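Residues in the sequence shown are numbered from 0 upward in steps of one, following numbering that gives the first Met the number 0.
Right, one structure below, let's go through it.
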Amino acid sequence: MESGTCHTPITKQSAPSLVSLESNPGRTVIEINGVKIGGNEIVVMAGPCAIESLEQLSETARIVKSGGATILRGGAYKPRTSPYSFQGLKEEGLDLLDKVKSITGLPVVTEVMDTRQVEAVAGYADILQIGSRNMQNFPLLEEAGNCNVPILLKRGMMATLDEYLHAAEYILARGNSSVILCERGIRTFEPSTRYTLDLNAIPVLKQRTHLPVIVDPSHGTGYRDLVPTMSKAAVAAGADGLLLEVHYHPEHALCDGPQSLFPEDFIKMMDDLRKVAEAVGRSIHLPE
Ligand code: PEP
Ligand code: MN
């Protein structure tokens, strides 16, 4: 310790073997239809929280593509706190996702909640999302590890980064090394926002793992007016991408309307984001 300081440095924890930076100092870059996640370009994945109709999904997809998103998000299976809330369109939602994927040419990311759905959802998804509530669903992690589709693994809202990296290790240990990590906010004592977006996670994960790290400021804040600021902060802190909720009419959204960006907010935010990316020596990957 330097003389004159009174803090004890925190020992850097190492990560489990397959996810550790030492095991792949070159870092993992995951390529999906020409979109590279984990490289120098920042990838924006955007779309509605839940797929609601062909019109809602296709119109929202058109808007996010025009703003510069290169991956479309949308949930067909939704993990809701209340069993009486909209649970997603399920198989019908997957069909709509497939239609909109062929209309727009955008690859898609969608959530899988159950081991029994993995094979079917993997048939539609370019990236399978495992949500915060399932980060330590070990059978689901193993099933994700058995398939050959990239996995977007969200951080558990009450998980430490060490637990998070061990969850990712389950997927790699089964043979699937295409894992994208996503910081989406954790539970703290602070009630002003839906969760506390832990931007510390970005540099800490970058020190410990070779996997790409993206940030979800929509769930991380819970309020659309905070999303542009926290998106810029995430890019400045070294995130490889963003996962954003955008809805063509957020006031009518069946899920997470208050945190979903209006189309014009998204377009404006993307403009600002480009400048922040340039300032940190990166750029935003744009649609063809
Ligand atoms: C989502 O992305 O729609 C979602 C449910 O996220 P999380 O698992 O982070 O709550
Ligand atoms: Mn949501």
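Heads up, the beta-carbon is just placed ideally off N, CA and C, and yes, glycines get one too.
As the structure is a prediction and not an experimental result, all values here were calculated from the model.
- Distances from the CA of D239 to each of H246, S230, V245 and S81 were compared; the closest alpha carbon is that of S230.
- When DSSP assignments are scanned along the stretch 208-244, the uninterrupted stretches of beta strand (DSSP E) that are 3 or more residues long and fall wholly within it turn out to be 212-214 and 240-244.
- Counting C-beta atoms within 10 angstroms of its own C-beta, Y83 has fewer than 16 neighbours from the protein chains shown and is therefore classed as exposed.
- Distances taken from the Cβ of H218 to the heavy atoms of the ligand MN include one shorter than 7 Å.
- Closer than 7 Å to some heavy atom of the ligand PEP: that describes the Cβ of R132.
- In the structure shown, V34 adopts extended strand secondary structure according to DSSP, grouped into three states.
- Collapsing the DSSP output to three states places Q55 in a helix.
- Straight-line spacing of the CA atoms in V99 and I31 works out to 17 Å.
- With contact defined as three or more Cβ pairs closer than 8 Å, the stretch 195-215 and the stretch 248-262 are not in contact.
- Ordered by chain, the residues meeting the criterion of a beta-carbon within less than 5 Å of a non-hydrogen atom of the ligand MN are C48 and D255.
- Here R183 is buried, its C-beta having at least 16 other C-beta atoms within 10 Å.
- The DSSP-derived three-state label of A68 is coil.
- Across the structure, I29 and E277 are spaced so that their CA atoms are roughly 22 Å apart.
- When beta bridges are read from the DSSP output, T103 appears opposite no residue.
- Rounded to the nearest angstrom, the gap between the Cα atoms of G92 and K153 is 21 Å.
- Runs of the beta strand (DSSP E) spanning 3 or more residues and lying entirely within the stretch 94-169 occur at 107-110, 126-129 and 150-153, in chain order.
- Taking non-hydrogen atoms of the ligand PEP into account, the C-beta of G240 is found less than 7 Å away from none of them.
- In the structure shown, the three-state DSSP call for S282 is strand.
- For I179, the enclosing beta strand (DSSP E) has its first and last residue at V178 to E182.
- A direct Cα-Cα distance of roughly 10 Å separates T103 from I62.
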